[in-house]
Amino acid sequence: MKRLVKALIATFGENIKADENMFPVTFTVPEERFADAAKILKESYAFLCAEWTTDDTDSGMGFSVYACFREEGEYLIVKAELPRDNPQFPSLVKHFVPAYRFERQIQSLMGVIPRGHPDGRPWIKFEDWPLNAWPLRKSFDASIAMMRCEGQYSWLKVEGEGVYEIPVGPVHAGIIEPGHFRFHAVGETIINLEERLGYTHKGIEKRFESMTWETGVKLAGRVSGDTTVAHSIAYSMALESMTHCYVSERAKWLRALFLERERIANHIGDIGAICNDAAFAFMLYQCSRLKETMLAANLRLFGHRFMMDRVIPGGVTVDIDANAKKEILSELDFLKENFESLVRIYEENSSLEDRVSNTGILTSELARELCTVGVVARASGLNVDCRVQSPFPPYDSIRVEAQVLTSGDVHARVWMRVVEIRASIHILRSILKDIPAGDITVNCDAPLPDTTGFAAVEGWRGEIIYWLKSGHIGEINRCMVRDPSSVNWLALEQAIKGNIVPDFPLCNKSFNQSYSGNDL
Amino acid sequence: MIKILAQIFRTGIVTDKSPQFDDPKIKVSGIKLDESVKKCFRRSLSVRHVDAGSCNGCELEIHAINNPVYNCERLGIHFTASPRFADVLLVTGPVTKNMEIALRRTYDAVASPKIVIAVGDCGCNGGIFGETYASLGGIDKVIPVNVFIPGCPPTPADILNGFYKIFL
Numbered sequence: 047m048k049r050l051v052k053a054l055i056a057t058f059g060e061n062i063k064a065d066e067n068m069f070p071v072t073f074t075v076p077e078e079r080f081a082d083a084a085k086i087l088k089e090s091y092a093f094l095c096a097e098w099t100t101d102d103t104d105s106g107m108g109f110s111v112y113a114c115f116r117e118e119g120e121y122l123i124v125k126a127e128l129p130r131d132n133p134q135f136p137s138l139v140k141h142f143v144p145a146y147r148f149e150r151q152i153q154s155l156m157g158v159i160p161r162g163h164p165d166g167r168p169w170i171k172f173e174d175w176p177l178n179a180w181p182l183r184k185s186f187d188a189s190i191a192m193m194r195c196e197g198q199y200s201w202l203k204v205e206g207e208g209v210y211e212i213p214v215g216p217v218h219a220g221i222i223e224p225g226h227f228r229f230h231a232v233g234e235t236i237i238n239l240e241e242r243l244g245y246t247h248k249g250i251e252k253r254f255e256s257m258t259w260e261t262g263v264k265l266a267g268r269v270s271g272d273t274t275v276a277h278s279i280a281y282s283m284a285l286e287s288m289t290h291c292y293v294s295e296r297a298k299w300l301r302a303l304f305l306e307r308e309r310i311a312n313h314i315g316d317i318g319a320i321c322n323d324a325a326f327a328f329m330l331y332q333c334s335r336l337k338e339t340m341l342a343a344n345l346r347l348f349g350h351r352f353m354m355d356r357v358i359p360g361g362v363t364v365d366i367d368a369n370a371k372k373e374i375l376s377e378l379d380f381l382k383e384n385f386e387s388l389v390r391i392y393e394e395n396s397s398l399e400d401r402v403s404n405t406g407i408l409t410s411e412l413a414r415e416l417c418t419v420g421v422v423a424r425a426s427g428l429n430v431d432c433r434v435q436s437p438f439p440p441y442d443s444i445r446v447e448a449q450v451l452t453s454g455d456v457h458a459r460v461w462m463r464v465v466e467i468r469a470s471i472h473i474l475r476s477i478l479k480d481i482p483a484g485d486i487t488v489n490c491d492a493p494l495p496d497t498t499g500f501a502a503v504e505g506w507r508g509e510i511i512y513w514l515k516s517g518h519i520g521e522i523n524r525c526m527v528r529d530p531s532s533v534n535w536l537a538l539e540q541a542i543k544g545n546i547v548p549d550f551p552l553c554n555k556s557f558n559q560s561y562s563g564n565d566l
Numbered sequence: 090m091i092k093i094l095a096q097i098f099r100t101g102i103v104t105d106k107s108p109q110f111d112d113p114k115i116k117v118s119g120i121k122l123d124e125s126v127k128k129c130f131r132r133s134l135s136v137r138h139v140d141a142g143s144c145n146g147c148e149l150e151i152h153a154i155n156n157p158v159y160n161c162e163r164l165g166i167h168f169t170a171s172p173r174f175a176d177v178l179l180v181t182g183p184v185t186k187n188m189e190i191a192l193r194r195t196y197d198a199v200a201s202p203k204i205v206i207a208v209g210d211c212g213c214n215g216g217i218f219g220e221t222y223a224s225l226g227g228i229d230k231v232i233p234v235n236v237f238i239p240g241c242p243p244t245p246a247d248i249l250n251g252f253y254k255i256f257l
């Protein structure tokens, strides 16, 4: 028996119902013991991946709250049913820090109250929304424009001699997404950073509920435009897990090909941008040129620069032939050669080293406490990678080495990207060498009513989770999206403490989290 | 240092020929620009980008027009950090409820005469996000728009062609 399952059963005994048909295993606990279950899982070294609610009032019930946990490759969901009137559940914040934002979001968008949560301020929902606007409730009509009310967000206050505030955003100086950062600084040193996100809230989770299963993948591909492939794969895999649709081997390998290309392109872009924020523009232009060659090749080979809409439920829409293989291989040679000479320049540049080393340190303890994922977690000593711990095909046959760095500073996050680009180039070569023949699509039926699906995919930022639920006429009843940014944004707030204000852009870029994926 | 120089010389000039042409899919609204304004802006255009709620796809392509291959600066297109220095607002996204006020304020901060370019399907009409409680739809629902560049996302060449439309 798996470790988390064992821990829960050992404590709860007969009082717990496990639904073995659901993937991952879903335990239903009484509402008042929701936090106890989390505590037991925490003691078994589990991470909290996501926390969300569903509105089951249309099937005559109340609400349900779910929390998804992970330990190594084992995923487990704990569920509690809540009454229709005054739905509440015990907060998990005491045991898992990332619940802090998940639960504020639940309260803001679903109107379900996390009991004992230390912070009642809205999240994603702004203070000028009507108080009783809970978009994720079934009774909420999303097509009607919302009124604007009066209201003021209560920012955290820092007092003391010489403390001053620097508000930044939502419109930033660069070409980036909108978000607000409020620094409290003494001299140049940041003593506190408060993020306020939600500016790009487009109502994606609600929008899913008005879409069909086939068109849903297009929306998934636009949750975060830079991670379009990984989101499409995660959505498709979650849907396929509900319909028992078996995708052909070739399609799986092609998906991995797209995923690794996306990883390389974004990582190269990030390395350039981080160096640029340390005033080393040479690297930005060199890297953006390498990225451009990949994107241009994507357009030639797959018909889209970011490979949007190339992954669909049931497979992929484009195949590669012998010529394409040859082109990708020669592109990889070009990339490898140029990239390695840039890496050497990065390593030998002492003024760059001065900026990136020991800047924005996220300690292993904090990274663990905040349940961080992806590049950020791996640069801080956490060995978390879905491709390693819970390898979805074809990663079960292509070996991905677990790579971890421990210093947790900006340099570690840059170097993690360097390491991953090298690994991805290697993975791409083995995909091209061993890709099996076969069809690229199979028919993917609509799922049966009242089923759920789940998938976790390692995008370039980290683990992306989709949880789907079909309603009683087989429609999309709920689509929960957990972009890696939803947890990693918290880590930035912690990593920046004690750094100087001018280093913030550098730290922020080294995290490079998605605003759109977080705000949904 | 020698390695940096060697890499620069090895790379050489990678800039493509200017892709500018009168692309029929890029639409221009009825708002007319004075000829004298066009003359002043030609080859000297300060651009402020505003993300009014996009998915970040359009931002990647706007970044790409700054890369050495498209090199928008050779055409006089320069990105500025403040709307107060800008001639053009380059706006992406469907306008979200939460960004509406910020977008209006940014628009008001730009000195007249000003040009607004809406980038991407979402910027043109709300795209896949449509008009809901959280998304108000296209940019022209909130501020007047001069040029619409469709595409999901539009390619860097499309975006440069959109700038070209200003001067036609």
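Chains as they are written, first to last, in this note's numbering: chain D, 47 to 566; chain C, 90 to 257.
Note that the Cβ used here is the ideal one computed from N, Cα and C, for glycine as well.
Source: prediction; values computed, not measured.
Original post:
For the stretch 91-170 of chain C, which segments carrying the beta strand (DSSP E) assignment without a break, of at least 3 residues, lie completely within its bounds, in sequence order?
Top reply: 134-140 and 166-168
Original post:
Quick one: Cα of D:V364 to Cα of D:G249, how far?
Top reply: 30 Å
Subject >> D:H247: contacting residues in chain C (beta-carbon distance under 7 Å) >> reply: Within chain C, the residues near D:H247 are T185, N187 and A223.
**OP:** Give a yes or no on whether the minimum CB-CB distance between D:K555 and chain C is below 8 Å.
**Re:** no
Subject >> For D:R194, the nearest candidate out of D:E173, D:S470 and D:G208 (CA to CA) >> reply: Nearest option by C-alpha distance: D:E173.
Subject >> Nearest neighbour of C:A246, chosen from C:D105, C:T195 and C:V136 [CA to CA] >> reply: C:D105
Original post:
Looking at the structure shown, is D:S185 part of a helix, part of a strand, or coil, going by DSSP?
Top reply: coil
Original post:
From D:A84, D:C95, D:L155 and D:V209, pick the residue whose C-alpha is nearest to that of D:A126; which is it?
Top reply: D:A84
Subject >> Min CB distance C:D140 to chain D below 8 Å >> reply: yes
Subject >> DSSP state of D:A53 mapped onto helix, strand, coil >> reply: helix
Original post:
Which chain C residues sit within Cβ distance under 9 Å of D:A266?
Top reply: Within chain C, no residue comes near D:A266; the closest Cβ sits about 10 Å away, beyond 9 Å.
**OP:** Give the range of the alpha helix (DSSP H) segment to which D:S556 is assigned.
**Re:** F550 to F557
Original post:
Do you know how far the Cα of D:E377 is from the Cα of D:F142?
Top reply: 44 Å
Subject >> Environment of D:S556 [buried if 16+ CB atoms lie within 10 Å] >> reply: buried
Original post:
Is D:Q573 helix, strand or coil by DSSP?
Top reply: The structure shown does not extend to residue 573 of chain D, since chain D is modelled only from 47 to 566, so the question has no answer here.
Original post:
Cβ-heavy atom distance between D:G215 and the ligand FAD below 7 Å?
Top reply: Among the components of this structure there are no ligands whatsoever, and the ligand FAD is therefore not found.
Original post:
Quick one, are the C-beta atoms of C:T169 and C:S143 less than 8 Å apart?
Top reply: No, Cβ-Cβ distance for C:T169 and C:S143 is not below 8 Å.
Original post:
Does the distance from the CB of D:R335 to the CB of C:V103 come in under 8 Å?
Top reply: yes
**OP:** For D:P440, I'd like the list of residues in its chain whose CB is within less than 7 Å of its CB, leaving aside the five on either flank, ordered along the chain.
**Re:** Result list for D:P440: K298, W299 and A302, in chain order.
**OP:** Look up C:M188 in the DSSP assignment and say whether it is helix, strand or coil.
**Re:** helix
Subject >> Stretch pair the stretch 216-223 of chain C + the stretch 247-257 of chain C: three plus CB contacts closer than 8 Å >> reply: no
Subject >> Proximal residues to D:T72 (C-beta, below 6 Å), its chain only, five neighbours per side dropped >> reply: D65, I123 and K125
Subject >> Chain-order list of residues whose beta-carbon lies under 6 Å from that of D:G420 (same chain, five-residue window excluded) >> reply: Non-local beta-carbon contacts of D:G420 in its own chain, meaning distances under 6 Å to residues more than five positions away in sequence, involve R507, G508 and P530 in chain order.
**OP:** Could you name the residues of chain C that D:V304 contacts, counting a contact when the two beta carbons are closer than 7 Å?
**Re:** It should be pointed out that residue 304 of chain D corresponds to Phe in this sequence rather than to Val. Those within 7 Å of D:F304 in chain C number zero; the least Cβ separation is about 15 Å.
**OP:** Could you check the C-alpha separation between D:K252 and D:C525 for me, to the nearest Å?
**Re:** 8 Å
Original post:
Can you list the residues of chain D that C:H152 reaches, using a CB-CB cut of under 8 Å?
Top reply: I221, G315 and S334
**OP:** In angstroms with no decimal places, state the Cα-to-Cα distance between D:L451 and D:R468.
**Re:** 15 Å
Original post:
Distance, Cα to Cα, D:I152 vs D:L128?
Top reply: 13 Å
Subject >> Cα-Cα separation between D:C553 and D:V547, rounded to whole angstroms >> reply: Each residue's Cα considered, the two are about 10 Å apart.
**OP:** To the nearest angstrom, report how far apart D:M257 and D:K203 are at their CA atoms.
**Re:** 42 Å
Original post:
Within 8 Å (strictly less), CB to CB, does C:P108 reach chain D?
Top reply: no
Original post:
At least one CB of chain C closer than 8 Å to the CB of D:R351: is that the case?
Top reply: yes
Subject >> Terminal residues of the beta strand (DSSP E) in which D:W461 lies >> reply: That residue, D:W461, is in no beta strand (DSSP E); its alpha helix (DSSP H) goes V456 to D480.
Original post:
Mapping DSSP to helix, strand and coil, what is D:K337?
Top reply: helix
**OP:** Identify the continuous alpha helix (DSSP H) that holds C:I206 and give its terminal residues.
**Re:** Looking at the DSSP string, C:I206 is not in any alpha helix (DSSP H); the run it does join, the beta strand (DSSP E), is I204 to V208.
**OP:** Report back the beta-carbon spacing between D:S270 and D:G563 to the nearest angstrom; my notes put them in contact at under 8 Å.
**Re:** 4 Å
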